[in-house]
Amino acid sequence: MSFQEAFFSAPPVTRTITAAAVLISVPGHLELYNLAWVVFFKDYVFTLQQLPQLWRTFTCFFITGPSLGLIMDPFFLYHYSSQLETGAARFSAPGAYAFYLLFVAMVILLLRFLELSKITPCAVQRSSFAKQIERLWSVGMVGFRIEKAGDLDPVVLTGGIYLGGAVLLSALNMALIYTFAQEDPNRQVQFFIVQMPAKYLPYASLAITYLVAGPFQTMIQSTGILAAHMYDFLDRVWPTYGGGQKYTTPPLFIQKLFTGTGQPQTNRAYGTAFASRSANQPAAQNQGSGPLPNSWTSGSAWSGSGRRLGGD
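Numbering (numbering that gives the first Met the number 0), first residue to last: 0 to 311.
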């Protein structure tokens, strides 16, 4: 099978976001372009003084970690996204999975925006930082190399970029892991050498991230759990146990994008790695398929601590 055939045999949403992560991250890490143009800086997005750079709200979710993270982050993104897109019953309706991604991404962005002024050490210097950031020729997170720009202190840069949530792929991956675990929470899975119910996997991943990458990355990653839990509450808990309305139905225009022939798309097959279930096959039977059936991690642990700039 050629690369083109393998690519187009993958689930459509999954292959799109995985390709975006590779195409955005690889050239940036190779310093072919300035990553400062694609990370999330709220001063450049929510502004009336210049043309808002709205693309940052999209690209910030597809910037991987350096070194090994450049391989592992897209891999885990593809793995868990494929599992959900092809095997989760809640995403069988046309456009349901795409709407889920949009929902959790918006919640993660909102959480990072609300926390910025509270947890960022350089909160009082945000305006100065926004003006000076154009002088950076290389920007990085969790171990990326960052060049000092003018009078900007490296510690200020680290706190402002990192704690401000400029790179949010780890949070998106954590949202996928949390939702993946919810599909069959009591299934026994292996986390490294430990057997545990799937419902504990997100928190085990957070613990590993805390030990390897530190509290900053853990805090950013945890917003993915909050976003995914909010979706689950509106999609399942509130309608089922609260008698309320289901607020996670995809808008009509999103449904039309994924309807194709207009027939219900409950049975989907995208290649050989992740076979879709039939209409009478339980969703739980397909949860263990894929390249990592019984062991996994979120990928953020490959990224480093990200506390120092230009150091070892």
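Beta carbons are placed, not taken as given, at the ideal position from N, Cα and C, and that holds for glycine.
Member of the options whose CA lies at the smallest distance from the CA of residue i
{"i": "LEU171", "options": "LEU100, PRO184, ALA203", "result": "LEU100"}
{"i": "LEU233", "options": "ILE224, GLN244, LEU225", "result": "GLN244"}
{"i": "ILE107", "options": "LEU167, VAL236, ALA95", "result": "LEU167"}
{"i": "GLN82", "options": "LYS255, PHE2, VAL12", "result": "VAL12"}
{"i": "SER24", "options": "PHE60, TRP54, ARG111", "result": "PHE60"}
{"i": "GLY94", "options": "GLU30, LEU109, PRO10, ALA165", "result": "PRO10"}
{"i": "LEU69", "options": "LEU175, TYR199, ALA19, GLY241", "result": "ALA19"}
{"i": "ARG111", "options": "ALA165, PRO201, GLY213", "result": "ALA165"}
{"i": "PHE190", "options": "THR46, PRO184, TYR199", "result": "TYR199"}
{"i": "SER66", "options": "HIS28, VAL188, PHE57", "result": "HIS28"}
{"i": "ALA226", "options": "VAL21, LEU109, LEU76", "result": "LEU109"}
{"i": "THR56", "options": "MET105, MET229, MET71", "result": "MET105"}
{"i": "LEU76", "options": "ASN185, THR15, LEU50, ARG186", "result": "THR15"}
{"i": "MET71", "options": "VAL21, LEU50, PHE90", "result": "VAL21"}
{"i": "THR258", "options": "GLN49, ILE62, ALA92", "result": "ALA92"}
{"i": "ILE62", "options": "PRO26, LYS41, LEU47", "result": "PRO26"}
Extent of the continuous beta strand (DSSP E) run through residue i
{"i": "GLN189", "result": "187–190"}
CB contact flag (residue i, residue j, <9 Å)
{"i": "ASP231", "j": "GLN194", "result": "no"}
{"i": "ALA97", "j": "LEU256", "result": "yes"}
{"i": "PRO64", "j": "SER169", "result": "Per the sequence shown, the amino acid found at residue 64 is Gly instead of Pro. Taking 9 Å as the Cβ cut-off, GLY64 and SER169 qualify as a contacting pair."}
{"i": "LEU34", "j": "VAL44", "result": "no"}
{"i": "THR247", "j": "MET173", "result": "no"}
{"i": "THR17", "j": "ALA87", "result": "no"}
{"i": "TYR32", "j": "ILE176", "result": "no"}
{"i": "PRO196", "j": "ILE224", "result": "no"}
{"i": "VAL103", "j": "MET229", "result": "yes"}
{"i": "ARG89", "j": "ARG186", "result": "no"}
Residue i - containing alpha helix (DSSP H), residue span
{"i": "VAL21", "result": "11–28"}
{"i": "VAL211", "result": "200–212"}
{"i": "GLN194", "result": "GLN194 -> not in any alpha helix (DSSP H); beta strand (DSSP E) instead, spanning 193–196."}
{"i": "THR239", "result": "237–240"}
{"i": "ARG55", "result": "55–58"}
{"i": "LYS255", "result": "251–258"}
{"i": "VAL44", "result": "41–44"}
{"i": "ALA174", "result": "168–182"}
{"i": "ALA5", "result": "2–8"}
{"i": "GLY68", "result": "68–86"}
Outcome for residue i when other beta-carbon atoms lying within 10 angstroms are tallied against a minimum of 16
{"i": "SER1", "result": "exposed"}
{"i": "ALA278", "result": "Note that ALA278 scores 41 on pLDDT, short of 50, meaning its location in the model is unreliable; the coordinates nonetheless yield the value given after this. Exposed: under 16 other Cβ atoms inside 10 Å."}
{"i": "PRO73", "result": "buried"}
{"i": "GLU4", "result": "exposed"}
{"i": "ILE219", "result": "buried"}
{"i": "GLU84", "result": "buried"}
{"i": "ALA206", "result": "exposed"}
{"i": "THR319", "result": "The displayed coordinates of the chain run from 0 to 311. Any statement about residue 319 would go beyond what the structure contains."}
{"i": "THR208", "result": "buried"}
{"i": "VAL188", "result": "buried"}
{"i": "GLN49", "result": "exposed"}
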